[in-house]
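Encoded as structure tokens, the structure appears first; notes follow it.
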Amino acid sequence: MRYLLIPALALLMASCGTPADTNLPATTDTTKVAVAPEAPATAIALEGTRWELVELNGAAVVIGADMDTIQFTLNAADSLANGNAGCNNFFGPYHRTGADGLTFGNLGSTMKACPDMSTEQALHAALPKVDHFKLEGETLTLLQDSTAVARWKAAK
-1 MRYLLIPALA LLMASCGTPA DTNLPATTDT TKVAVAPEAP ATAIALEGTR
49 WELVELNGAA VVIGADMDTI QFTLNAADSL ANGNAGCNNF FGPYHRTGAD
99 GLTFGNLGST MKACPDMSTE QALHAALPKV DHFKLEGETL TLLQDSTAVA
149 RWKAAK
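Read in order, the letters of the sequence shown are residues -1 to 154 in our numbering.
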């Protein structure tokens, strides 16, 4: 009896599986899938990008050993500019008009004293003059009419 039980269990277990359908023809999926071309590099956005000053009033900007990087960011959510002018942080509203219009409202700043504040003072005098911008690649130029007031590069 024991010899009959083992084959009976094997037969019972084999019959519990789902039957394989061997009558189906073999198919090959020949659907062609289009491959999208590689997307071009995303353009740098005016707002949300950290901009570092490279030129002010036509002169190259050199960051001294006692200066912080001169930089700013425009925040689209609240239309506020925030940055550092080399010694002090600055902040205040900005306004966009049309495709390239940009003006700065009254900017405030912290009041630290640093050894050389000439670049910072020139920047604070220049920003209220800005009436539009030009964005080319990773370079932002702030302009008054057709005159470049300041050039900035996108920070890495």
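Just so it is clear, CB atoms sit at the ideal spot from N, CA and C, and this is done for glycine as well.
DSSP places Ala152 in the strand class (E or B) of the three-state scheme. In this model, Thr117 and Glu136 are separated by some 22 Å (Cα to Cα). In terms of Cα proximity to Gly90, the closest of Ser107, Met115 and Trp150 is Ser107. Between the alpha carbons of Gly62 and Leu44 lies a distance of about 27 Å. The closest CA to that of Leu138, considering only Thr95, Thr71 and Gly103, is found on Thr71. With at least 16 other beta carbons inside 10 angstroms of its own, Gly84 counts as buried. If you compare the alpha carbons of His122, Tyr92 and Thr95 with that of Asn82, the shortest gap goes to His122.
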